[in-house]
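Comments concern the structure below.
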Amino acid sequence: MNLILGSKYVVLASAGKKSSLDEWKTVANQLNIVAENLEPAGLKTGYHNHQLEFTPVGGQRPMEILAKLTKPSVMLQLDVGTCLEAGSDPVAWIRANPGRIRSIHCKNWSPETSKGYKVLFGEGAADWKNIFAAPLQTTSIRLPVVKWAPQIQH
């Protein structure tokens, strides 16, 4: 299906909550195996972060484990909103992982409890100017994904 649609990436949206560094190391190993299996078909794999990947486990952030232990061909899709909500700096993350952030989920977030993810693009905590400038210095973003998810009233 991906090849029919012209999409070269198969992205894991979540590995679920893991309670140890060893579990995150297993996820990294599984991503490497998937990457090897997809490569002959002309596909690549990636991982989409959420808050928990930026929340330390055993003194280390799971995203750091994934970045360190996965092959360079494994894309790290940065979800800006969840990165911010977890207290991490998306610009620093992009700069620390040159060539790995090939897709950015441009989701905004506000620390105001009443707003959270219900903010318009450009009105939340994201420093979009520097977020978009950082990859130009380190890699080329191939797929910016913009998402606005307001609370729907029924």
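Every position in the sequence shown, counted from 1, becomes a number in this note's numbering once 1160 is added. Note that the Cβ used here is the ideal one computed from N, Cα and C, for glycine as well. Please read all numbers here as calculations on a predicted model, not as lab measurements.
For S1179, the CB contacts under 8 angstroms within the same chain, skipping 5 residues up- and downstream, are V1217 in chain order. Just measuring C-alpha positions, the residue of K1168, S1270, V1251 and S1263 sitting nearest N1290 is V1251. Taking each of L1198, N1189 and W1184 in turn and checking the Cα distance to G1219, the smallest one comes out for W1184. At the C-beta level, G1241 and N1268 come within 9 angstroms of one another. Taking each of Y1169, V1234, N1192 and A1188 in turn and checking the Cα distance to G1202, the smallest one comes out for Y1169. Taking each of N1192, A1294, T1230 and E1272 in turn and checking the Cα distance to G1284, the smallest one comes out for E1272. Distance from the CA atom of P1258 to the CA atom of V1279, rounded to whole angstroms, is 29 angstroms.
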